[in-house]
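Have a look at the structure below before the remarks.
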Amino acid sequence: MPSSSDSAVDQQPLTKLPAAPWSRQLSLASAPAYAAALESACLSIGALVVALVLFGIFVAVGGHDPLAVYGALYLGAFGTRFSIEGALTQASPIILTALCTAVPARVGLLVIGGEGALVLGGLCAVLCATASAGAPGWIGALVALLGGTCAGAAWIGAVGALKQWRGVNETISSLLLNYIAIALFNHLISGPIRDFSQTLKATSWPVPPAFGIGSIPGWSVHWGLVIGIGLCIVLFVVLRYTTLGFSMDILGGNRRAAQVAGLPIGRLLIVACLIGGGAAGLAGAIEVLAVHGAASESLIVGFGYTGILVAFLARQNPLAVIPVALLVGGISASGGLLQRRFDMPDATTQVLEGLIFICVLASSAFAGRIRWLAR
Amino acid sequence: MRSGELYSSTRRDVLIRGANLVAAGALLGPLGSLARAADAKPIKVGFLYSASRDDYGFNQSFAVAAKRIAKMPGVSVEEQERVPETAQCERVMESMIQVDGCKGIVATSFGYWPFVLKLAAKYPDVLFIHGGALWKDGDPKNAIGYRGYMEEPHYLCGIAAGRMTKTGKLGFIGSKPLYFIFNNCNGFVLGARSVRPDATCRVVITGDWDNPVKEAQAVNALADQGVDVIIADVDGPKVSIETAERRGIYSCGYHTDLSALAPKGFLTGAEWNWAKAGDFIHAWQTGGKYPNLLRGGFKDGMVAISPFGKAVPENVRQEVLKAQQGFVDDTLKLYKGPLKDNEGKQVLAAGQTVSNTDNDYKVNVKWLVEGAIGETGLK
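These protein sequences, in sequence, are chains A and B.
My numbering puts the first residue of the first sequence at 41, with every later residue one more than the last.
My numbering puts the first residue of the second sequence at -13, with every later residue one more than the last.
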């Protein structure tokens, strides 16, 4: 560990530095943002390692060889091309639902309504697609995607509005709105917009096949993944390099300071909610257009809740959401293999996800306390 | 479940030793069957279930079969439960094929079928077996649909119920308004009325494959109306049977052996015999012939009844077993005239009978027989 008396070195221009440890180079750049990013990355990775160790203990107590289980986890998640495709497909909706928590978190809101926004996005995509039946494929798909996005944005936007004007706690309201969205969804697909030719389970009218989103050439992964990654990058740039993003960070950091600075607090809150909800709604629309071809209960599988985990693990950073969603998608995708190889219950991967979540939450207690990182 | 492979290799050793014996010109007779068993290439078979394997229901009936199939020479079995009937099941089946090297897939749940068809075309070297007789001409030849005529064991349950009921009121709880549920219900009612002509059966269709809350409510409501024997045609009849036991009424099982759930009131139950899939797998291993679509009742060993509960006296047991023999010999017909539906409309005239294997007739059954109180829910 270099001591603080190295200040002579510190003041040298970056380019003239002798071979120094990479962590020092970053801190020498005297950009606290990099140090903070480095710290949060280290904390996340540390939390992940601790969670994996705890999971290993859990597995060993159950009478299995932890190393063999780690091996199967890797094989099922990233070990073969097929596994990678599975992880990517799983990750695609999670990337978007994670944004539903990550973006409002930048203005200090804890929104957990991704599931409801996703479900309504899927529903609205079906309605829009049905309304534009007969249009050329790409127009129909675009209308359906936009419809889904707007539905999700409106749903979470309402959470922001309730918070701003009525003082309703956004966590509670977004959680409860999930149940309302799912009830509304179930009502519509089991009656008014039901396709009665599908007797096995309640399914909405099908989306015209021409509007479907196809696969990336050479891969069995649909284009929704690219849309999700693209949106993450755009949001990263917007939140990082624009006045809007800067204002949001100030508001999220200290509401009084934002007020004093004369920032439009209400507008910022609602914009953040609209963006987040729109992303989750888009996830629902993509799932309908690319995977299911109709809205059914297959849409309600917990992508919204997994998104919360991903957002926290990524520390609300849109760019970090991408690798974290891949990791979590991979863990979910490997659940079946653990079941088949070790006869473990299917909830095993949920135990791992839960451990990761708890470790990440606990690790935030160490934020700012690791001296050599924060220098 | 690796014991299968182990077993197969010892079989091969036996064969080699046996071959030496052939050279010695001895033991020619028994060898024929040994050689056939050992021709079987080792095969890994993946089972996927839509819910828990020990659900005291449909999935468990398949898990019981999986255990038996795992004991076949050269066969090892892999299982995954709680696989939803969505694109997810396609991923699971592909993962079984690609990551685990399965050459046989047993897709147990009805809703897996569209995905089975898609994958059967993509993987012609894998055998797909589905627990629902949905195969049609033109579908891939490496896909098999099979399903037992469950109405036959329901008829036997009906006989037991008809003999045991005091009030003459029976209860049938069905999941979906689908033809096989109607057939099962009709079998149950016809069986009961064959021994107790004044028996009636109240029919409740819950609308869900699996909805324990509704099912328990239905059993309670039926018991309140004086019903004293119930049968529940739902994915997991556990809750219904336990509720019936608590209410002190009799119950019949469905899917698999549920006698342990109701030590006092269990009569018997209608069971699948999915282990028939073992024949298909053996044929696939050895390059033999197999059907693409197989339906059958007691005659083909596709269905069974559960061991009788201790409440059932010997004379009733004999009566039930006699009717079972009637199905085996094909002397007993389920649908025979004169037969009316429960709206008073004549379905079959006197002297008219429907063959027990007339599937085209059975899939178009959209009515309940006389004595059933309730609606199909289709109108």
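Glycine residues also receive a C-beta, built at the ideal position from the N, C-alpha and C atoms.
All values reported here derive from a predicted model rather than from experimental measurement.
Original post:
Taking the alpha-carbon positions, what's the residue 151/A to residue 35/B distance?
Top reply: Indexing the first sequence from 1 puts residue 151/A at position 111. Indexing the second sequence from 1 puts residue 35/B at position 49. Residue 151/A and residue 35/B have their alpha carbons spaced roughly 35 angstroms apart.
**OP:** Verify the CB distance criterion: does residue 63/B have a CB-CB separation below 7 angstroms to chain A?
**Re:** In the second sequence, the residue the question calls residue 63/B occupies position 77. Under the Cβ distance rule, residue 63/B does not count among the residues neighbouring chain A, no pair being separated by less than 7 angstroms.
Original post:
Just the Cα atoms here: how many angstroms apart are residue 252/A and residue 332/A?
Top reply: Translated into the one-based positions of the first sequence, residue 252/A becomes position 212. Translated into the one-based positions of the first sequence, residue 332/A becomes position 292. The straight-line gap from Cα to Cα measures roughly 9 angstroms.
Subject >> Paired residues, beta bridge with residue 219/B - DSSP >> reply: Your numbering for residue 219/B matches position 233 in the second sequence. The partner list for residue 219/B (beta bridge, DSSP) reads 160/B.
Subject >> Neighbour list for residue 78/B in chain A, Cβ cutoff strictly below 8 angstroms >> reply: The count along the second sequence starts at 1 and reaches residue 78/B at position 92. What residue 78/B touches in chain A: 376.
Subject >> Beta carbon proximity, residue 379/A to chain B, threshold 7 angstroms >> reply: Working through the first sequence from its first residue, we reach residue 379/A at position 339. Taking Cβ atoms only, chain B reaches closer than 7 angstroms to residue 379/A, which makes this a yes.
**OP:** Quick one: which residues of the stretch 350 to 364 of chain B get their C-beta closer than 7 angstroms to a C-beta of chain A? List them in chain order.
**Re:** If the cut-off is 7 angstroms between Cβ atoms, the stretch 350 to 364 of chain B has nothing near chain A.
Original post:
Any Cβ of chain A within less than 7 angstroms of the Cβ of residue 18/B?
Top reply: Taking the second sequence and counting its residues from 1, the one referred to as residue 18/B is at position 32. The predicted model places residue 18/B with a pLDDT of 39, which falls under 50 and marks its position as unreliable; any figure quoted below should be read in that light. Using a Cβ-Cβ cut-off of 7 angstroms, residue 18/B does not count as an interface residue toward chain A, since no Cβ of chain A sits closer than that to its own.
**OP:** For the stretch 273 to 302 of chain B, list the beta strand (DSSP E) runs that are entirely contained and at least 3 residues long, ordered along the chain.
**Re:** Within the stretch 273 to 302 of chain B, the complete beta strand (DSSP E) segments at least 3 residues long are 279 to 282, 289 to 291, listed from N- to C-terminus.
Original post:
Between residue 48/B and residue 215/A, what straight-line distance do the alpha-carbon atoms span, to the nearest angstrom?
Top reply: Taking the first residue of the second sequence as 1, we reach residue 48/B at position 62. Taking the first residue of the first sequence as 1, we reach residue 215/A at position 175. The alpha-carbon atoms of residue 48/B and residue 215/A are separated by roughly 38 angstroms.
Original post:
CA-CA distance, residue 309/A and residue 327/A?
Top reply: Against the first sequence, residue 309/A aligns to sequence position 269. Against the first sequence, residue 327/A aligns to sequence position 287. Using only the alpha carbons, I get a separation of about 28 angstroms.
**OP:** Excluding the 5 residues preceding and the 5 following residue 121/B in the sequence, name in chain order all residues of the same chain whose CB lies nearer than 8 angstroms to its CB.
**Re:** Counting from one through the second sequence, the residue named residue 121/B turns up at place 135. Excluding sequence neighbours, residue 121/B sits near 129, 130, 131, 278, 279.
**OP:** For residue 310/B, count neighbouring C-beta atoms within 10 Å of its own C-beta (all shown protein chains included) and say buried if the count is 16 or more, exposed if not.
**Re:** Locating residue 310/B in the second sequence gives position 324, counting from the first residue. Residue 310/B counts as buried, since no fewer than 16 other beta carbons sit within 10 angstroms of its beta carbon.
**OP:** Could you tell me whether any Cβ in chain B is nearer than 7 angstroms to the Cβ of residue 258/A?
**Re:** One-based indexing of the first sequence puts residue 258/A at position 218. For residue 258/A, the nearest beta carbon of chain B is not closer than 7 angstroms to its own beta carbon.
Subject >> Coarse secondary structure for residue 132/A, derived from DSSP in three states >> reply: Stepping through the first sequence from its first residue, residue 132/A is reached at position 92. Three-state DSSP puts residue 132/A in a helix.
Subject >> Delimiting residues of the beta strand (DSSP E) encompassing residue 187/B >> reply: Position 201 of the second sequence, counted from the first residue, corresponds to residue 187/B. That run of the beta strand (DSSP E) goes 186 to 191.
Subject >> Where residue 203/A falls, given that 16 or more other Cβ within 10 Å makes a residue buried >> reply: For the purposes of this step, residue 203/A is identified with residue 163 of the first sequence, where counting begins at 1. It is buried - the Cβ of residue 203/A has at least 16 other Cβ atoms within 10 Å.
Original post:
If you check the beta carbons only, do residue 254/B and residue 226/B fall under 7 angstroms apart?
Top reply: The residue labelled residue 254/B in the question sits at position 268 within the second sequence. The residue labelled residue 226/B in the question sits at position 240 within the second sequence. No, Cβ-Cβ distance for residue 254/B and residue 226/B is not below 7 angstroms.
Original post:
With a Cβ-Cβ cutoff of 7 angstroms, do residue 155/B and residue 186/B count as a contact?
Top reply: Stepping through the second sequence from its first residue, residue 155/B is reached at position 169. Stepping through the second sequence from its first residue, residue 186/B is reached at position 200. In this structure, the beta-carbon distance from residue 155/B to residue 186/B falls below 7 angstroms.
Original post:
CA-CA distance, residue 242/A and residue 393/A?
Top reply: Locating residue 242/A in the first sequence gives position 202, where the first residue counts as 1. Locating residue 393/A in the first sequence gives position 353, where the first residue counts as 1. Annotation: residue 242/A to residue 393/A spans about 30 angstroms, alpha carbon to alpha carbon.
**OP:** Could you tell me if residue 297/A is buried or exposed, where buried requires 16 or more neighbouring beta carbons within 10 angstroms of its beta carbon?
**Re:** In the first sequence, the residue the question calls residue 297/A occupies position 257. An exposed status is given to residue 297/A, since fewer than 16 other beta-carbon atoms sit within 10 Å of its beta-carbon.
Original post:
DSSP three-state call for residue 175/B: helix, strand or coil?
Top reply: Here residue 175/B corresponds to residue number 189 of the second sequence, with the count starting at 1. Helix, per DSSP.
Original post:
Between residue 233/B and the rest of its own chain, which residues show a CB-CB distance below 6 angstroms, the 5 nearest in sequence each way excluded?
Top reply: Along the second sequence, one-based indexing puts residue 233/B at 247. Excluding residues within five positions, the ones whose Cβ falls inside 6 angstroms are 209.
Original post:
How many whole angstroms separate the CB atoms of residue 424/A and residue 126/A, which I take to be in contact at a CB cut-off of 8 angstroms?
Top reply: The structure shown does not extend to residue 424/A, since chain A is modelled only from 41 through 415, so no value can be given for it.
Original post:
DSSP three-state call for residue 350/A: helix, strand or coil?
Top reply: Here residue 350/A refers to the residue found at position 310 of the first sequence. DSSP, reduced to helix, strand and coil, places residue 350/A within a helical segment of the structure shown.
**OP:** For residue 266/A, I'd like the list of residues in its chain whose CB is within less than 8 angstroms of its CB, leaving aside the five on either flank, ordered along the chain.
**Re:** Taking the first sequence and counting its residues from 1, the one referred to as residue 266/A is at position 226. Residues of the same chain with a CB within less than 8 angstroms of the CB of residue 266/A, apart from the 5 flanking positions on each side, are 256 in chain order.
Original post:
In whole angstroms, what is the alpha-carbon distance linking residue 11/A and residue 370/A?
Top reply: Because chain A in this structure spans residues 41 to 415, residue 11/A falls outside the shown range and cannot be described.
Subject >> Proximal residues, the stretch 381 to 394 of chain A versus chain B, C-beta separation under 7 angstroms >> reply: Of all residues in the stretch 381 to 394 of chain A, those with a C-beta nearer than 7 angstroms to a C-beta of chain B are 386, reading in chain order.
**OP:** Express the C-alpha separation of residue 321/A and residue 306/A in angstroms, rounding to a whole number.
**Re:** Start at 1 with the first residue of the first sequence, and residue 306/A comes out as number 266. Start at 1 with the first residue of the first sequence, and residue 321/A comes out as number 281. Those two C-alpha atoms are separated by around 22 angstroms.
Original post:
In whole angstroms, what is the alpha-carbon distance linking residue 95/B and residue 103/B?
Top reply: Taking the second sequence and counting its residues from 1, the one referred to as residue 95/B is at position 109. Taking the second sequence and counting its residues from 1, the one referred to as residue 103/B is at position 117. If I take the Cα positions, the gap works out to 14 angstroms.
Subject >> Beta carbon of residue 335/A nearer than 7 angstroms to that of residue 229/A >> reply: By one-based count along the first sequence, residue 335/A stands at place 295. By one-based count along the first sequence, residue 229/A stands at place 189. With a cutoff of 7 angstroms on beta-carbon distance, residue 335/A and residue 229/A are scored as near each other.
Original post:
For residue 21/A versus residue 84/B, is the C-beta spacing smaller than 7 angstroms?
Top reply: Nothing in the structure corresponds to residue 21/A, since chain A is present only between 41 and 415.
Subject >> Chain-ordered residues of the stretch 113 to 132 of chain A with a beta carbon less than 8 angstroms from chain B >> reply: Under the 8 angstroms Cβ criterion, the stretch 113 to 132 of chain A contributes 115, 116, 119, 120, 122, 123, 126, 129.
Original post:
If you count every other CB in all the chains shown that lies within 10 Å of the CB of residue 175/B, and 16 or more means buried, which is it?
Top reply: Against the second sequence, residue 175/B aligns to sequence position 189. Buried.
Original post:
Start and end of the beta strand (DSSP E) containing residue 254/B?
Top reply: Walking along the second sequence from the start, residue 254/B turns up at place 268. Residue range 252 to 258 is occupied by the beta strand (DSSP E) that includes residue 254/B.
Original post:
Buried or exposed: where does residue 206/A fall if 16 or more other Cβ atoms within 10 Å of its Cβ makes it buried?
Top reply: Position 166 of the first sequence, counting from 1, holds the residue named residue 206/A. Within a 10 Å sphere around the beta-carbon of residue 206/A sit fewer than 16 other beta-carbons, which makes this residue exposed.
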